[in-house]
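Notes follow once the structure below has been shown.
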Amino acid sequence: MAKESGKNRYHLFDTAQDDAVKVQRESLEAIRYALDHHQFVLYYQPKVNMKIGTVVGVEALIRWQHPERGLLSPIEFLPVIENHTMMIEIGEWVIDTALTQIGQWQAMALDLPVSTSVNIAAVQLMQPGFIQTLTDLLAAHPNVEPRYLELEMLETSALEDVNHVSIIMNDCMTLGVHFALDDFGTGYSSLTYLRRLPASLIKIDQSFVKDMLSNIDDFAIVEGVIALAKSFKRDVIAEGVETVEHGTALLQLGCELAQGYGIARPMPACDIPAWMNNWKPDASWQ
Ligand code: C2E
Ligand code: MG
Ligand code: MG
Ligand code: MG
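In UniProt numbering, the protein residues as written are 602 to 887.
In structure tokens:
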């Protein structure tokens, strides 16, 4: 009897595991299909200088235009492929698409956005052929100067192997592209690490910015990251700027660059030119 229930339990566990494997396989197949059938799109979120009132760039953010489920956010599908070679493939598609878009904006004589950033997954950055891939992608868009492309890397992926990551970053920079450290403050990085990572821009994680006006610890973190960026001579941008008051507080702390729903939500590429023509900084910021 005991043996039998033990067997049953084993069987149950086995079934659950089988189900998980099946779901994973189906998700991977659906993502593969989506990539082959052009269901991914890039949205772009503006980044501005609040003080001088200019648009400094845009960040490309992937979306899945799902035929039945509508527009899906990256958190709904990127985690499935986080450590999968498909992340590398999608990553290449993202860079290629962003470069095409930069070329189109330039052809429209849009002198802005100044730079377009794309998010780079750790697995993508660490793949042996990344520099070659990037070289090839840039070569495929000879009309786009590499300085218009910025790569956003999570602070946490930089910490996986600082030596290796800093070598890759330096190699990319010789191609002319710049780096930003994304979600800064969430990864417990030491000052020594920051010194060794040649990122020109530090992006303060939105979780700290969101609550900086109500939580003194979050305010202190935002203040600290701004001071840190300044002493290391890096640019600093606040993510998750949702209100005018956030912007005002950030300006008082010396952070002029901002990105967030309070300025603009991510939008299709075709909406960027009109948005740029119409945007004005809040009067209290100048
Ligand atoms: P991220 O790079 O930190 O991008 C910022 C995220 O915050 C975006 O979410 C953006 O829509 C959202 N956001 C912007 N302003 C505000 C605000 O004021 N309030 C709030 N609550 N949220 C704001 P999204 O587009 O869903 O992307 C989530 C994450 O997925 C990104 O975080 C990035 O880590 C990743 N991701 C997006 N696109 C790509 C991609 O093409 N490749 C890779 N590897 N990762 C991507
Ligand atoms: Mg980002
Ligand atoms: Mg971020
Ligand atoms: Mg994030």
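Think of the CB as a built atom: it goes at the ideal place given N, C-alpha and C, for glycine as much as any other residue.
Is the separation between the beta-carbon of residue 805 and that of residue 785 shorter than 8 Å?
Going by C-beta atoms, residue 805 is nearer than 8 Å to residue 785.
Could you check if residue 616 is buried or exposed, using at least 16 other CB atoms within 10 Å of its CB as the buried criterion?
Exposed.
Tell me which same chain residues have a C-beta within less than 8 Å of the C-beta of residue 604, skipping the five on either side of it?
Here residue 604 scores only 45 on pLDDT, less than 50, and its place in the model should not be relied on; the value that follows carries that caveat. Nothing listed; no residue qualifies.
From which residue to which residue does the beta strand (DSSP E) around residue 655 run?
Boundaries of the beta strand (DSSP E) harbouring residue 655: 655-667, taken from the DSSP string.
Give me whichever residues DSSP pairs with residue 645 in a beta bridge.
For residue 645, which the question treats as bridged, DSSP gives the partners 661, 868.
Residue 804, DSSP secondary structure in three states:
Residue state, collapsed to three classes: strand.
Min CB distance residue 695 to chain B below 8 Å
Going by chain labels, chain B is absent from the structure shown, which holds only one protein chain.
With a threshold of 6 Å on Cβ separation, who are the neighbours of residue 787 within its own chain once the five nearest residues in sequence on each side are excluded?
Correct list, in chain order: 806.
Alpha-carbon spacing of residue 676 relative to residue 793, whole angstroms
One C-alpha to the other measures close to 31 Å.
Ordered list of alpha helix (DSSP H) runs contained in the stretch 814-843, each at least 4 residues:
With a minimum length of 4 residues, the continuous alpha helix (DSSP H) runs that stay inside the stretch 814-843 are 817-832.
Taking a contact to mean a Cβ-Cβ separation below 8 Å, would you say residue 702 touches residue 643 in this structure?
It is a contact, given that the beta carbons lie within the stated cut-off.
Identify whether residue 718 lies in helix, strand or coil by the three-state DSSP scheme.
When DSSP states are grouped into helix, strand and coil, residue 718 belongs to the strand group.
Any contact of the stretch 619-639 with the stretch 844-856, i.e. 3+ C-beta pairs under 8 Å?
When Cβ pairs closer than 8 Å are counted between the two stretches, the stretch 619-639 is seen not to touch the stretch 844-856, the count staying below three.
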